[in-house]
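**Student:** Keeping their order, the protein sequence lines are chains A and B. Start counting the first sequence at 1; every next residue gets the next number (the working numbering). Start counting the second sequence at 1; every next residue gets the next number (the working numbering).
Number of protein chains: 2
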Amino acid sequence: MQQEPLEFWFEFASTYSYLAASRIEEAAAIARVRLRWRPFLLGPIFVSQGWGDSPFNIYPLKGRYMWRDMERLCEKYQLPFRRPSKFPRSGLLAARVACMAAEEPWCPRFVRAVYRANFAEDREISQTETIAEILATVGQSPREVLTSAESPENKQRLREQNQWAVVHGIFGAPTMLAGKELFWGNDRLEDAIAFHLHSQTTHAG
Amino acid sequence: MQQEPLEFWFEFASTYSYLAASRIEEAAAIARVRLRWRPFLLGPIFVSQGWGDSPFNIYPLKGRYMWRDMERLCEKYQLPFRRPSKFPRSGLLAARVACMAAEEPWCPRFVRAVYRANFAEDREISQTETIAEILATVGQSPREVLTSAESPENKQRLREQNQWAVVHGIFGAPTMLAGKELFWGNDRLEDAIAFHLHSQTTHAG
């Protein structure tokens with residue numbers, strides 16, 4: 001039986017997605033779990049909950065805590081971190097690229113490089129030049145990839161992916177989806193992999 | 001040098017506080033960390049953030065997820081769990097008792113029994129009879145304890161404790177406070193203990 005992939009739903013503007021995106025490929029490989037990379041946009045989902053901005057900006061106490069928590073967790077995971085001078089940054093263009101390239105072998109490297117640009121190098125990931133530079137570093141032709149990513153078909157594909165996020169009940173990022181089971185947050189990465197492995201074993205038996 | 005205690009701030013209405021309250025005494029004992037039990041009320045803090053109810057009720061997707069997450073985590077930690085028929089329940093009376101008895105050796109057992117009543121036995125912890133029954137099970141005289149707990153001095157003590165929560169920037173429960181360092185959520189219990197141990201060692205050196 002072909003194993004169903006564990007779905008990894010992430011948003012490029014999300015701080016805790018940076019942690020999970022940097023860790024998930026190795027964790028899944030060790031557990032021999034196949035991944036499906038699922039970029040999406042939190043903005044429209046937040047708007048439907050009545051938020052016009054990141055909750056970390058709307059609730060300053062929570063925001064202050066989150067930045068300190070990120071410092072500590074990046075140190076724990078040995079990930080580079082610099083608090084970005086702008087938050088949140090639009091991950092729309094990067095999400096279009098990742099949506100188009102989700103099955104490509106270079107996609108995980110691209111995703112991690114975008115997160116690093118945002119949360120360790122304080123670069124403006126909403127700008128085409130930044131994404132083009134990152135594409136070049138992962139061995140891709142920026143012009144070719146960006147043309148496909150910005151095509152009407154691919155824009156529509158990301159919109160549909162976002163509708164799927166809503167259908168699955170996703171309300172935050174990162175979210176791991178194992179069958180119909182949601183796991184929200186970098187803190188649930190290991191639990192999601194364990195649950196997925198167990199459910200696959202059970203169904204295969 | 002006398003070791004500073006790690007402060008454990010909890011709210012009896014909070015689901016994730018149930019998990020941390022059930023685990024922290026053993027985890028702290030293994031690490032030889034002294035604890036200070038700090039009951040407080042989230043209600044006034046939520047009101048100051050513009051919420052008149054638990055965010056798990058205001059945001060139904062988040063609420064639905066939280067109940068499923070609690071089921072999974074209670075299974076993982078081998079804690080009994082039954083989704084309460086009412087949420088949130090007022091933890092005011094229980095918090096007054098725990099505030100008064102924070103230094104008593106029976107306090108941790110009382111705290112865990114109240115959480116179990118709320119989240120495993122679906123009992124109404126806001127009622128005096130429930131708290132009286134729990135006090136008896138931990139070997140205390142209900143009448144005596146409740147009279148002290150409901151005294152003006154002790155009511156004021158809990159109000160002051162709540163003001164301290166605000167001063168420390170506490171915005172949710174459970175929160176572990178190691179010096180000035182906040183750790184929010186059951187997920188941070190181990191990190192909080194490790195941080196506290198490290199900071200105590202460093203300062204003692």
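In this text, a Cβ means the ideal position worked out from N, Cα and C, and glycines have one as well.
Find the nearest neighbour of Ala102/B within the set Pro174/B, Gln161/B, Asn118/B and His198/B, judged by alpha-carbon distance.
**Tutor:** Along the second sequence, one-based indexing puts residue 102/B at 102. If we check each option's Cα against that of Ala102/B, Gln161/B comes out closest.
**Student:** Express the C-alpha separation of Glu153/A and Tyr16/B in angstroms, rounding to a whole number.
**Tutor:** As a working note, residue 16/B is residue 16 in the second sequence. As a working note, residue 153/A is residue 153 in the first sequence. Approximately 43 Å, taken between the alpha carbons.
**Student:** State the DSSP-derived secondary structure class of Phe12/B, mapped to helix, strand or coil.
**Tutor:** Walking along the second sequence from the start, residue 12/B turns up at place 12. Here Phe12/B sits in coil by DSSP.
**Student:** What do you reckon, are the CB atoms on Ser85/B and Ala13/B nearer than 9 Å?
**Tutor:** In the second sequence, residue 85/B corresponds to position 85, counting from 1. In the second sequence, residue 13/B corresponds to position 13, counting from 1. No, they are not a contact pair.
**Student:** Output needed for Thr130/B: all residues of its chain with C-beta closer than 7 Å, excluding positions within five of it in sequence on either side, in chain order.
**Tutor:** Here the question's residue 130/B lines up with position 130 in the second sequence. Ala117, Arg123 and Glu124, listed in sequence order.
**Student:** Helix, strand or coil for Ala31/B? Go by DSSP, reduced to three states.
**Tutor:** Against the second sequence, residue 31/B aligns to sequence position 31. DSSP places Ala31/B in coil when its eight states are reduced to three.
**Student:** What does a CB cutoff of less than 7 Å around Ala192/B pick up in its chain, not counting 5 residues either side in sequence?
**Tutor:** One-based indexing of the second sequence puts residue 192/B at position 192. Cβ neighbours of Ala192/B beyond the five flanking positions: Leu6, Met176, Ala178 and Phe183.
**Student:** Once the 5 residues before and after Trp225/A are set aside, which same chain residues still bring their CB inside 6 Å of it?
**Tutor:** Chain A is shown from 1 up to 205; residue 225/A falls before or after that span and cannot be answered.
**Student:** Which residues share a DSSP beta bridge with Ala206/A?
**Tutor:** Past the edges of chain A, shown from 1 to 205, lies residue 206/A, and the structure says nothing about it.
**Student:** When you compare only the Cα positions, how much space is there between Tyr18/A and Val166/B?
**Tutor:** The sequence position of residue 18/A within the first sequence is 18, counting from 1. The sequence position of residue 166/B within the second sequence is 166, counting from 1. Approximately 30 Å between the Cα atoms of the pair.
**Student:** Determine whether the Cβ of Gln161/A lies closer than 9 Å to any Cβ atom of chain B.
**Tutor:** The residue labelled residue 161/A in the question sits at position 161 within the first sequence. Answer no: the Cβ-Cβ gap between Gln161/A and chain B never drops below 9 Å.
**Student:** Looking at the structure shown, is His164/A part of a helix, part of a strand, or coil, going by DSSP?
**Tutor:** The residue you call residue 164/A lines up with position 164 of the first sequence. His is not the amino acid found at residue 164/A; the sequence shown has Trp there. In this structure, Trp164/A counts as helix in the three-state DSSP scheme.
**Student:** List the whole-angstrom C-beta distance separating Tyr77/B from Arg23/B, where the pair is believed to meet the contact cut-off of C-beta under 8 Å.
**Tutor:** Counting from one through the second sequence, the residue named residue 77/B turns up at place 77. Counting from one through the second sequence, the residue named residue 23/B turns up at place 23. Yes, they are in contact, since the Cβ atoms of Tyr77/B and Arg23/B sit about 6 Å apart, within 8 Å.
**Student:** How would you call Glu11/B, buried or exposed, if buried means at least 16 neighbouring beta carbons within 10 angstroms?
**Tutor:** Here residue 11/B refers to the residue found at position 11 of the second sequence. Buried is the call here.
**Student:** Between Val145/A and Leu135/A, how many whole angstroms is the CB-CB distance? I'm expecting something under 8 Å.
**Tutor:** Taking the first residue of the first sequence as 1, we reach residue 145/A at position 145. Taking the first residue of the first sequence as 1, we reach residue 135/A at position 135. Confirmed, Cβ separation roughly 5 Å.
**Student:** If the cut-off is 8 Å on Cβ atoms, which residues from the segment 68 to 102 of chain A count as contacting chain B, listed in chain order?
**Tutor:** The residues in question are Arg68, Asp69, Arg72 and Lys76.
**Student:** Extract the residue ranges of the alpha helix (DSSP H) inside the segment 27 to 102 of chain A, only unbroken runs of 4 or more that lie entirely within it.
**Tutor:** List check, alpha helix (DSSP H) in window: 43 to 48, 55 to 58, 60 to 77 and 92 to 100.
**Student:** Let me know if Ser141/B comes out buried or exposed under the rule of 16 or more other beta-carbons within 10 Å of its beta-carbon.
**Tutor:** The residue labelled residue 141/B in the question sits at position 141 within the second sequence. Exposed, since its Cβ has fewer than 16 Cβ neighbours within 10 Å.
**Student:** Quick check on the burial criterion: 16 or more other C-beta atoms within 10 angstroms. Buried or exposed for Pro39/B?
**Tutor:** Translated into the one-based positions of the second sequence, residue 39/B becomes position 39. Buried, by the Cβ-count rule.
**Student:** Drop a sphere of 10 angstroms on the beta-carbon of Arg36/B, count the other beta-carbons inside from all chains shown, and report buried for 16 or more, exposed for fewer.
**Tutor:** Your numbering for residue 36/B matches position 36 in the second sequence. With fewer than 16 other Cβ atoms within 10 Å, it is exposed.
**Student:** Please list, in chain order, all residues of the same chain as Glu190/A whose beta carbon is under 8 Å from its beta carbon, the five residues on each side excluded.
**Tutor:** To locate residue 190/A, count along the first sequence from 1; it is residue 190. Here the set comprises Ala27.
**Student:** Are any of the Cβ atoms in chain B nearer than 9 Å to that of Leu197/A?
**Tutor:** What you label residue 197/A is simply residue 197 of the first sequence in a count that begins at 1. By this cut-off, Leu197/A is not an interface position.
**Student:** Closest to Ala132/A by C-alpha separation, out of Lys62/A, Arg96/A and Ala120/A, would be which residue?
**Tutor:** Residue mapping note: residue 132/A aligns to position 132 of the first sequence, counting from 1. Selected option, being the one with the closest Cα: Arg96/A.
**Student:** Is there a Cβ of chain B sitting closer than 9 Å to that of Gly185/A, yes or no?
**Tutor:** As a working note, residue 185/A is residue 185 in the first sequence. Yes - at least one Cβ of chain B is within 9 Å of the one on Gly185/A.
**Student:** In the DSSP output, what is Glu7/B paired with across the bridge?
**Tutor:** Here residue 7/B is taken as the residue at index 7 of the second sequence, counted from 1. Answer is Arg36/B and Leu177/B.
**Student:** Going along the chain, which residues of the segment 51 to 67 of chain B sit with their C-beta nearer than 8 Å to a C-beta in chain A?
**Tutor:** The residues in question are Tyr59, Leu61, Lys62, Arg64 and Tyr65.
**Student:** Under 8 Å by Cβ, that's how I've got Ser48/A and Met100/A pegged, so tell me the actual separation to the nearest angstrom.
**Tutor:** By one-based count along the first sequence, residue 48/A stands at place 48. By one-based count along the first sequence, residue 100/A stands at place 100. No, Ser48/A and Met100/A are not in contact; Cβ-Cβ is about 25 Å, not under 8 Å.
**Student:** Within the continuous alpha helix (DSSP H) that includes Gln133/A, where are the two ends?
**Tutor:** Taking the first sequence and counting its residues from 1, one reaches residue 133/A at position 133. The sequence shown places Glu at residue 133/A, rather than the Gln named in the question. Looking at the DSSP string, the run of the alpha helix (DSSP H) that includes Glu133/A is Thr128 to Thr137.
**Student:** Can you give me the C-alpha to C-alpha distance between His168/A and Ile45/A, rounded to a whole angstrom?
**Tutor:** For the purposes of this step, residue 168/A is identified with residue 168 of the first sequence, where counting begins at 1. For the purposes of this step, residue 45/A is identified with residue 45 of the first sequence, where counting begins at 1. The alpha-carbon atoms of His168/A and Ile45/A are separated by roughly 12 Å.
**Student:** With distances taken Cα to Cα, identify the nearest neighbour of Gly172/B among Phe8/A, Pro60/A, Leu93/A and Ser54/A.
**Tutor:** The sequence position of residue 172/B within the second sequence is 172, counting from 1. Of the candidates Phe8/A, Pro60/A, Leu93/A and Ser54/A, the one whose C-alpha sits nearest the C-alpha of Gly172/B is Pro60/A.
**Student:** Out of curiosity, what's the CA-to-CA distance linking Lys62/B and Phe195/B?
**Tutor:** In the second sequence, the residue the question calls residue 62/B occupies position 62. In the second sequence, the residue the question calls residue 195/B occupies position 195. About 29 Å.
**Student:** To which residues of the same chain is Val33/A closer than 7 Å at the C-beta, ignoring the five residues directly before and after it?
**Tutor:** Your numbering for residue 33/A matches position 33 in the first sequence. Around Val33/A: Leu6, Ile193, His196 and Leu197.
**Student:** Kindly indicate if chain B contains any beta-carbon less than 9 Å away from that of Gly139/A.
**Tutor:** Residue mapping note: residue 139/A aligns to position 139 of the first sequence, counting from 1. It does not: the Cβ of Gly139/A has no partner Cβ on chain B nearer than 9 Å.
**Student:** Under the assumption that Phe81/A contacts Met70/A (Cβ atoms under 8 Å), give the Cβ distance between them as a whole number of angstroms.
**Tutor:** Working through the first sequence from its first residue, we reach residue 81/A at position 81. Working through the first sequence from its first residue, we reach residue 70/A at position 70. With a Cβ gap of about 6 Å, Phe81/A and Met70/A count as contacting.
**Student:** May I ask you to list, following chain order, the residues of the segment 161 to 177 of chain B that have a beta carbon less than 7 Å from some beta carbon of chain A?
**Tutor:** Listed in sequence order: Gly169 and Phe171.
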